[in-house]
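Residue numbers (the working numbering): 1 to 578.
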Amino acid sequence: MRSDDVIADRYRLVELVGSGGMGIVWLADDLRSNRQVALKRPHVTAPGVRSGLEREAEIAQRVVHPGVVKVFGVAGDTDDCWLVMEYFPGDSLAGQRLAPPREVAAIGAQVAGALAAAHAADVVHRDVTPGNIMVDADGVVKVTDFGISAWRAATITISGKVSGTPAYVSPEVANGNAATASSDVFSLGATLFALVEGEPPFGTGDADAVLSRVRTGRVDIAARAGALRPVLDALLQRDPDARPTAAQAKGMLEKVASGQSVPCWPGVRSRPSVVLVAAAVIAVVAVLVLGLVRPWESETAGPVRTALGDPRSADPCSVADADVLGRFGEAKMDPNYGGLNRCDVLIAVAGDDEIDVVFEFGEAVTEAPTSEPSTVTRHAPERNDDGCDIALTLADQAVLEVVAKSYDDVDTDFCQVADVAADHAESVLSQHEQVPRRPPLDPRSLANVDACGLLGAADLAAVPAYAGVTPQPGFADWSCRWQSPRGALRVIFDRNDLEDAARGTELALSGRDVHVEPEGYGDFTCAAKVSHLRYQDDFGDTRTELALVVAEGGVAMTELCGVVRTFAVPIAARLPQL
């Protein structure tokens, strides 16, 4: 074929505007109607193709909506025929750049409107994918190939014939069932997921491997979706009857596009859960390694009963995994920052910005538990100014806090990050009766010291405000607090780099480096940082354990710093010898 050729004595070919594995598309002049049309010609010209095209074209003509590319009919002789369609000067979304959530929602709202019109006419698209959605320079969206499946081969795999593109079909279609309106809604969700995340929710690659993942019904975690995520969660539910209709999806997407928030769809948890079946066990094991499923929530799994055990040997890094969080950016584990009960995963995002995901064990709760005390309870996420916090109460009522935060200007939904991190922590806990133990620490480490034991009654009497005050030990005895009417005194074991440890006025006590820093640990505080054991971390940097002496209260800074100087003297003398 070449330009100026005339098809069926009516359509003069102008230029080739598309070509793919299934066929070619030409822009053509309609010599009778004085308009331009798009002509699609399948590569397949076998007997029966024409009748199939005519039947499918008749079905597609029942869909009347401005967001649908019109189908005018079939042209040509015998089985060498063309599909005559409206010409729309837009580009398909296949292979397009990542788009922000509100832009994707605006596109999705238009697609959902087109699908709603089709479903009202009892027409199912069967292949909603980025390649079948076109957008012009003004943001106008049109859906193409409504019901036109006869001219393109269905996907055929060793698992059997599947009508549609594997990465975007619904679980019920992947299992061999006929496509329905609800299947289109699922495919819309998968399409929007791909537009905002860069890859469909079940990945790409070998068709059978993709379909195996689809059958589990467990989508990947949306990392960039922001306000769009509740809509994706609703559209991508495994149960077809639990999904919204296309019309309902349109309303939800319009809200997100206008900057409004959308509540969770009824029946949706933090994301769709999975009931595992025997036929999918092998596929699920592979996904579990990535932390993408939660089998401990299945109907057959028993409750998680993991306990903390000895707090001094419980390993906070055992429930953290940089690879799992690598979907949000370049991630690395830092087991040597902050308290001894803490492990961090640092995620590099734009520029020098970072997201810090903290896994930290805390003291057992004292109030009555809200669930059976012998099980692990996951609490709802709590948003705050810096990030998001998810708490897990363990079987012995100890607490694991998973916090995603950043002090940089990072534009992300921190609760999504915390959710992924908490999912992995739960998967680890589900495999153990007790939190895994940490490697043996240096015998000289502060991990072996009782913070409250560093100050006796005689030491406290040196500052009248703290004379006779009862100490309040913290987690694993690695911190201690003395509360007086004039303020509070705390001793905290910490780890930091040498630069931060050396900030403030330098003192020399018992041969140790001590630095006093006003407001170093919050407003109305003064801290004395007593350096202890120095060591090399996993990145080759020098770290130091610190015994922090922190005084806080509404008094003059000179008084607060005088308090920490006084108490730093006996503390420095009683630390283990190096």
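We put the CB at the ideal spot given by N, CA and C, even for glycine.
Collapsed DSSP secondary structure at Leu13 in the structure displayed: Secondary structure at Leu13: strand, using DSSP grouped into helix, strand and coil.
Cut-off 6 Å between Cβ atoms - residues of its own chain near Trp265, not counting five sequence neighbours on either side: Closer than 6 Å at the Cβ level, and outside the excluded window around Trp265, lie Ala234.
Unbroken alpha helix (DSSP H) run spanning Phe72, endpoints: Going by DSSP, Phe72 is part of no alpha helix (DSSP H) but of the beta strand (DSSP E) stretching over Val71 to Asp77.
Contact between the stretch 415-433 and the stretch 536-548 (3+ Cβ pairs under 8 Å): No: fewer than three Cβ pairs fall under 8 Å.
Buried/exposed call for Val274, threshold 16 Cβ in 10 Å: In this predicted model, Val274 has a pLDDT of only 32, less than 50, meaning its place in the structure is not dependable; the value taken from the coordinates is given anyway. A residue is called buried when at least 16 other Cβ atoms come within 10 angstroms of its Cβ; Val274 meets this threshold and is buried.
Pro89 burial status per 10 Å Cβ neighbour count (16 or more: buried): Classification for Pro89: exposed.
Distance, Leu560 Cα to Asp396 Cα: Going by the C-alpha atoms only, they are around 38 Å apart.
Among Lys40, Ala476, Tyr337 and Ser531, the one whose alpha carbon lies nearest that of Asn602: No answer is possible for residue 602: the residues shown for the chain start at 1 and end at 578.
As assigned by DSSP and simplified to three states, the class of Glu367: Because Glu367 sits at a pLDDT of 48, beneath the cut-off of 50, its placement in the model cannot be relied upon, and the point is left open.
Straight-line gap, Pro570 to Ala451 (C-alpha atoms, nearest Å): Pro570 and Ala451 have their C-alpha atoms spaced approximately 12 Å apart.
Touching by the beta-carbon criterion (3+ pairs, under 8 Å), the stretch 315-330 and the stretch 463-472: No: fewer than three Cβ pairs fall under 8 Å.
Val123 beta carbon less than 7 Å from that of Val63: Yes, they are a contact pair.
Endpoints, beta strand (DSSP E) assigned at Met134: Element bounds for Met134: Ile133 to Val135.
Closest Cα partner of Ile7 within the set Val74, Leu53 and Ser19: Looking at the Cα atoms, Val74 is the closest of the given residues.
Range of the contiguous beta strand (DSSP E) that encloses Phe361: It spans Glu354 to Gly362 - the beta strand (DSSP E) in which Phe361 sits, taken as one unbroken run.
Whole-angstrom distance between Ala247 and Ala121, CA atom to CA atom: Roughly 13 Å between the two C-alpha positions.
Cut-off 7 Å between Cβ atoms - residues of its own chain near Pro518, not counting five sequence neighbours on either side: Only Cys526, Met557 and Cys561 meet the Cβ criterion.
Backbone CA spacing between Val284 and Ile492 [nearest angstrom]: Confidence at Val284 is low in this model, with a pLDDT of 33, below 50, so its placement is unreliable and no value can be given for it.
C-alpha distance - Ala398 paired with Asp413, whole-angstrom precision: Across the structure, Ala398 and Asp413 are spaced so that their CA atoms are roughly 27 Å apart.
Met333, enclosing alpha helix (DSSP H) - first and last residue: For Met333, no alpha helix (DSSP H) segment is defined; the enclosing uninterrupted segment is the beta strand (DSSP E) at Glu330 to Asp334.
Where the beta strand (DSSP E) containing Gly388 begins and where it ends: A quick correction: the sequence has Cys, not Gly, at residue 388. Here the beta strand (DSSP E) through Cys388 covers Gly387 to Thr393.
Between the CA atoms of Asp184 and Ala190 - distance to the nearest angstrom: So the alpha carbons of these two residues sit roughly 10 Å apart.
Closest by C-alpha distance to Ser92, when choosing among Arg102, Ala137, Val71 and Gly259: From the listed residues Arg102, Ala137, Val71 and Gly259, the smallest Cα separation to Ser92 is found for Ala137.
Member of Pro240, Gly474, Val37 and Thr542 whose CA lies at the smallest distance from the CA of Arg312: The residue among Pro240, Gly474, Val37 and Thr542 with its C-alpha nearest the C-alpha of Arg312 is Gly474.
Buried versus exposed, by CB contacts within 10 Å (16 or more), Tyr168: Buried, because 16 or more other Cβ atoms sit within 10 Å of the Cβ of Tyr168.
Selection from Pro42, Ser258 and Ala114 that minimises the alpha carbon distance to Gly23: Of the candidates Pro42, Ser258 and Ala114, the one whose C-alpha sits nearest the C-alpha of Gly23 is Pro42.
Three-pair Cβ contact test at 8 Å for the stretch 520-537 versus the stretch 492-505: The stretch 520-537 is in contact with the stretch 492-505.
Nonlocal neighbours in the same chain, by C-beta distance under 7 Å from Ala99, ignoring five residues either side: Result list for Ala99: Leu195 and Val196, in chain order.
For Trp82, the residue or residues it bridges with in DSSP: Partner(s): Ala75.
Three-state class that DSSP yields for His43 in the structure shown: The answer is coil: DSSP assigns His43 none of H, G, I, E or B.
Range covered by the beta strand (DSSP E) that runs through Gln483: That run of the beta strand (DSSP E) goes Ser479 to Ser484.
Under the three-state DSSP convention, the category Phe493 falls into: DSSP places Phe493 in strand when its eight states are reduced to three.
Presumed contact (8 Å Cβ cut-off) between Val231 and Ala249, rounded CB distance: With a Cβ gap of about 7 Å, Val231 and Ala249 count as contacting.
Cα-Cα separation between Thr245 and Arg383, rounded to whole angstroms: If you take the alpha carbons of Thr245 and Arg383, they lie about 30 Å apart.
Backbone secondary structure at His515 - three-state DSSP: In the three-state reduction of the DSSP assignment, His515 falls in the strand class.
DSSP-derived helix/strand/coil call for Ser92: Looking at Ser92 - three-state DSSP - the assignment turns out to be strand.
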